[in-house]
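Visitor: Pasting a structure here, questions to come.
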Amino acid sequence: SQQGEEDPQALSIQEGENATMNCSYKTSINNLQWYRQNSGRGLVHLILIRSNEREKHSGRLRVTLDTSKKSSSLLITASRAADTASYFCAYVTSGSRLTFGEGTQLTVNP
Amino acid sequence: SQTIHQWPATLVQPVGSPLSLECTVEGTSNPNLYWYRQAAGRGLQLLFYSVGIGQISSEVPQNLSASRPQDRQFILSSKKLLLSDSGFYLCAWNLGEFGEQFFGPGTRLTVL
Chain A
1 SQQGEEDPQA
11 LSIQEGENAT
21 MNCSYKTSIN
31 NLQWYRQNSG
41 RGLVHLILIR
51 SNEREKHSGR
61 LRVTLDTSKK
71 SSSLLITASR
81 AADTASYFCA
91 YVTSGSRLTF
101 GEGTQLTVNP
Chain B
1001 SQTIHQWPAT
1011 LVQPVGSPLS
1021 LECTVEGTSN
1031 PNLYWYRQAA
1041 GRGLQLLFYS
1051 VGIGQISSEV
1061 PQNLSASRPQ
1071 DRQFILSSKK
1081 LLLSDSGFYL
1091 CAWNLGEFGE
1101 QFFGPGTRLT
1111 VL
C-alpha cells in the first residue's frame, strides 16, 4: 500500500503540554502536508513542507521532514482544549495525487 | 475569497436506491476537484479527481461514478447503492498539481 502511516493512533495529553505526531511514507515525495479534522467536519490544511525543506513553523505548529528516513513529525506546542481533533499527514508524489495517512486522534484535556 | 459547498449534509438511503451528491466551488476558475470517502475513524480514500470539465479520473473501481458538467461543479453518483457505500464523503479543490487542498463540509451517507 502507498498509504502513509501515522503514530500514535491516539494521543491524550493535558492542556499546556506539547503533542507530537509522526508520519512515515514509502516513496519519494514532492511535498508533505498536515491537515486537521474536527469530528464530523471537513479537513483544514495546516502546513505544507516541500521535499527540500527540513523544518517549518506556523504559530504553535512545527513540522519536520526527514526524506532519508521518509518520515515527518508535527509538534503542537502549549496545547489547548480546542486543539482536540484528528490530524492527518498527506503526501504528494510526482505520479499521484494526495495520499493520506490514517490519522492521529488528539485529545487535549482541560 | 473561495468557498466550497457540499449538499446534502446528511443522507439516509435504502440499498439499491440512486445517489447524487453535489459539490460547487466559488471564487476560483479551473480548479482541480476531488471526491474522497472516509470510513469511521480512518483516513481519506481518493475516489475521483478532475482537472477540467468532462475530465474524470477514477482511482478505485467501485459502484460510484463522477461527472463535472461545469467548471466549478462536481457530482458523485450511483445507480444502485450498496451497504458498503456508507461513509463520509468529502469534496475538495486546489490549483496546481501539488498544492494544498481545500475541503468542503462533507456529506454523511448511511445506506440501510
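These protein sequence lines map, in sequence, to chains A and B. Counting in the numbering used here, the first sequence runs from 1 upward without gaps. Counting in the numbering used here, the second sequence runs from 1001 upward without gaps. Quick reminder that beta carbons are idealized off the backbone N, C-alpha and C, glycines included. Small disclaimer: the values here were computed from a predicted structure and weren't measured.
Determine whether the Cβ of glycine 1027/B lies closer than 8 angstroms to any Cβ atom of chain A.
Guide: No, no contact with chain A.
Visitor: Please check if any C-beta of chain A sits within less than 8 angstroms of the C-beta of arginine 1072/B.
Guide: No, arginine 1072/B lies away from the interface with chain A (no Cβ there is under 8 angstroms from its Cβ).
Visitor: DSSP state of isoleucine 13/A, grouped into three classes?
Guide: Isoleucine 13/A: strand per DSSP, three-state reduction.
Visitor: What number of angstroms, rounded off, separates the C-alpha of serine 1/A from the C-alpha of cysteine 89/A?
Guide: Confidence at serine 1/A is low in this model, with a pLDDT of 45, below 50, so the placement of that residue should be treated as unreliable; the coordinate-derived value is given next. Each residue's Cα considered, the two are about 15 angstroms apart.
Visitor: Could you please tell me which residues of the segment 1043-1067 of chain B, in chain order, have their CB closer than 9 angstroms to any CB of chain A?
Guide: Per Cβ criterion, the list reads Gly1043, Leu1044, Gln1045, Leu1046, Tyr1049, Ser1057, Glu1059.
Visitor: At the level of alpha carbons, what is the spacing between asparagine 1094/B and serine 1077/B?
Guide: Roughly 22 angstroms separates the two Cα atoms.
Visitor: Going by DSSP, which residues form a beta bridge with threonine 27/A?
Guide: In DSSP, threonine 27/A forms no bridge with anything.
Visitor: Please determine, among Gln105/A, Asn109/A, Pro110/A, the residue with the shortest C-alpha to C-alpha distance to alanine 10/A.
Guide: Minimum Cα distance to alanine 10/A is reached at Gln105/A.
Visitor: Mind checking asparagine 1032/B: buried by the 16 CB within 10 Å criterion, or exposed?
Guide: With 16 or more other Cβ atoms within 10 Å, it is buried.
Visitor: Against glutamate 1022/B, what residues of chain A qualify as contacts under a CB-to-CB distance less than 7 angstroms, listed in chain order?
Guide: Within chain A, no residue comes near glutamate 1022/B; the closest Cβ sits about 15 angstroms away, beyond 7 angstroms.
Visitor: I want to verify the contact list: residues of chain A whose CB lies under 8 angstroms from the CB of glycine 1106/B, in sequence order.
Guide: Simply Gly40, Arg41, Gly42.
Visitor: So is glycine 1096/B buried or exposed if we call it buried at 16+ other beta carbons inside 10 Å?
Guide: Classification of glycine 1096/B: exposed, given that the 10 Å Cβ count is below 16.
Visitor: Nearest CA to the CA of leucine 1090/B: which residue from Asn31/A, Ala81/A, Gln37/A, Val108/A?
Guide: With distances taken between Cα atoms, leucine 1090/B lies closest to Gln37/A.
Visitor: Classify glycine 103/A as buried or exposed, calling it buried when 16 or more other Cβ atoms lie within 10 Å of its own Cβ.
Guide: Answer is buried; the Cβ neighbour count reaches 16.
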